[in-house]
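Numbering (my numbering), first residue to last: 2 to 449. Built from N, CA and C at the ideal position, the CB exists for glycine as well. One structure is given below, encoded as structure tokens.
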């Protein structure tokens with residue numbers, strides 16, 4: 002790919018303007034020559050015969066006419082050359098896209114990457130945005146390489162060989178000093194002899210950049226967790242733990258800005274981790290927690306605003322020590338329960354006070370919606386949920402239920418007993434089964 006070097010636009014415009022001025026002078030001269038030739042034809046004729054065809058000229062007139070014709074031919078050739086030169090210089094103007102400063106294009110391309118969510122771009126695939134943008138043209142290639150933010154959110158899969166090391170080096174180099182979002186995936190074989198060297202190399206590459214790690218998602222063995230979480234991470238805001246271990250060998254050290262934690266593996270047990278729970282605002286767990294463990298987790302997180310948990314059965318006798326009074330969560334707005342089949346966690350609602358609660362979702366973990374009435378999935382959250390809303394004096398606006406066996410009469414009942422509800426979705430086999438007249442009632446509420 003040839004490298005594009007933009008021309009000096011001021012100088013280019015000056016050259017084009019000069020040539021246009023010269024062309025105007027030549028065109029005026031051509032007009033004068035044509036006028037003289039016309040007069041030469043007419044000078045021997047009577048004014049009354051101006052409309053008649055030109056008469057043949059004498060020898061003198063013929064010589065003068067030939068001189069004018071030669072001068073006209075030369076002027077027309079010069080005008081043609083100037084027009085071609087102007088066209089060539091005009092073509093040197095960069096395309097409209099190149100007229101925008103590189104900083105603006107960097108921002109546009111960054112918006113196209115949609116890094117607002119916690120997604121990590123997999124390097125080494127054809128869909129990796131910096132590679133796509135950089136292959137458009139040499140100008141985009143330069144813009145891509147010069148924008149460190151395009152290289153600041155990357156997923157790297159550690160595989161045998163040195164390719165991952167080269168990717169890591171390029172990532173750290175091209176991302177400059179901007180905050181870094183990094184996903185590491187590494188599942189070494191049990192007896193892999195290269196594990197020790199990989200650990201040493203990982204520490205060597207990443208350790209100097211711990212201070213700018215903002216989002217971190219780790220699917221790595223426990224000995225690698227010690228490296229990644231064993232040093233201060235002052236900029237870390239998001240931490241996802243997906244390691245396939247049931248016990249904890251490392252805890253984050255000095256994470257004053259940590260707000261969001263995701264336990265991305267069923268083997269990542271949240272309550273075993275020594276985290277700064279009191280500063281967290283969002284927690285997600287794919288590991289199943291009993292109802293009592295949910296209460297304990299909520300007690301540890303008084304600033305929690307969003308919570309998505311896989312929940313099993315609630316048994317009050319499992320909690321030790323028992324909570325003193327109710328568990329009050331003043332900021333919790335969104336609560337999502339992924340409910341294991343045949344488990345009823347709703348008894349824990351009696352222990353909660355959630356004054357800011359606005360949306361609740363219940364999903365069946367088995368996603369089975371074809372179970373006959375009277376079987377295990379016929380758990381109904383209306384009584385404890387209505388009691389929670391009343392006790393908390395909250396304004397619950399949105400309720401979603403997926404995969405829980407639900408009848409129309411129950412749908413109508415819950416809409417009636419929670420007057421603040423403006424959005425209610427009940428999915429069976431992927432279809433929202435809330436009746437249309439109930440939807441109309443909810444719409445009217447939302448417009449009030």
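Residue i beta carbon near the ligand HEM (any heavy atom closer than 8 Å)
| i | result |
| --- | --- |
| residue 73 | What this structure holds is no ligand at all, so the ligand HEM is not there to describe. |
N-terminal and C-terminal residue of the alpha helix (DSSP H) that residue i is part of
| i | result |
| --- | --- |
| residue 229 | 223 to 230 |
| residue 387 | 383 to 393 |
| residue 442 | 437 to 448 |
| residue 199 | 196 to 207 |
| residue 411 | 409 to 418 |
| residue 166 | 164 to 175 |
Nearest-angstrom Cα separation, counted from residue j out to residue i
| i | j | result |
| --- | --- | --- |
| residue 375 | residue 407 | Note that residue 375 scores 41 on pLDDT, short of 50, meaning its location in the model is unreliable; the coordinates nonetheless yield the value given after this. So the alpha carbons of these two residues sit roughly 12 Å apart. |
| residue 85 | residue 38 | 27 Å |
| residue 34 | residue 64 | 15 Å |
| residue 189 | residue 445 | 57 Å |
| residue 194 | residue 225 | 15 Å |
| residue 421 | residue 439 | 14 Å |
| residue 428 | residue 344 | 19 Å |
| residue 173 | residue 12 | 39 Å |
| residue 162 | residue 242 | 25 Å |
| residue 175 | residue 284 | 32 Å |
| residue 15 | residue 202 | 56 Å |
| residue 18 | residue 76 | 19 Å |
| residue 300 | residue 169 | 39 Å |
| residue 164 | residue 291 | 43 Å |
| residue 378 | residue 367 | Low per-residue confidence applies at residue 378: pLDDT is 49, beneath 50, and the placement is therefore not dependable enough to give any value. |
| residue 287 | residue 348 | 21 Å |
| residue 415 | residue 277 | 37 Å |
Selected residue, minimal CA-CA separation from residue i, among the options
| i | options | result |
| --- | --- | --- |
| residue 183 | 354, 197, 29 and 214 | 214 |
| residue 443 | 425, 186, 296 and 409 | 425 |
| residue 150 | 180, 169 and 168 | 180 |
| residue 314 | 396, 328, 287 and 294 | 294 |
| residue 261 | 302, 209 and 329 | 302 |
| residue 289 | 397, 265 and 279 | 265 |
| residue 423 | 198, 441 and 398 | 398 |
| residue 430 | 402, 210 and 437 | 402 |
| residue 32 | 220, 388 and 72 | 72 |
| residue 154 | 142, 171, 221 and 138 | 171 |
First and last residue of the uninterrupted beta strand (DSSP E) at residue i
| i | result |
| --- | --- |
| residue 186 | 181 to 186 |
| residue 283 | 283 to 290 |
| residue 240 | 239 to 242 |
| residue 267 | From DSSP, residue 267 is part of no beta strand (DSSP E); its letter is neither H nor E. |
| residue 426 | 424 to 429 |
| residue 339 | 335 to 340 |
| residue 363 | 360 to 365 |
| residue 399 | 399 to 403 |
Beta-carbon separation (whole angstroms), residue i vs residue j, contact threshold 8 Å
| i | j | result |
| --- | --- | --- |
| residue 393 | residue 354 | 5 Å |
| residue 358 | residue 395 | 4 Å |
| residue 27 | residue 69 | Contact doesn't hold; Cβ gap of about 15 Å is too wide. |
Specify whether the segment 325 to 337 and the segment 296 to 313 touch according to this definition: at least 3 beta carbon pairs, one from each stretch, less than 8 Å apart. yes
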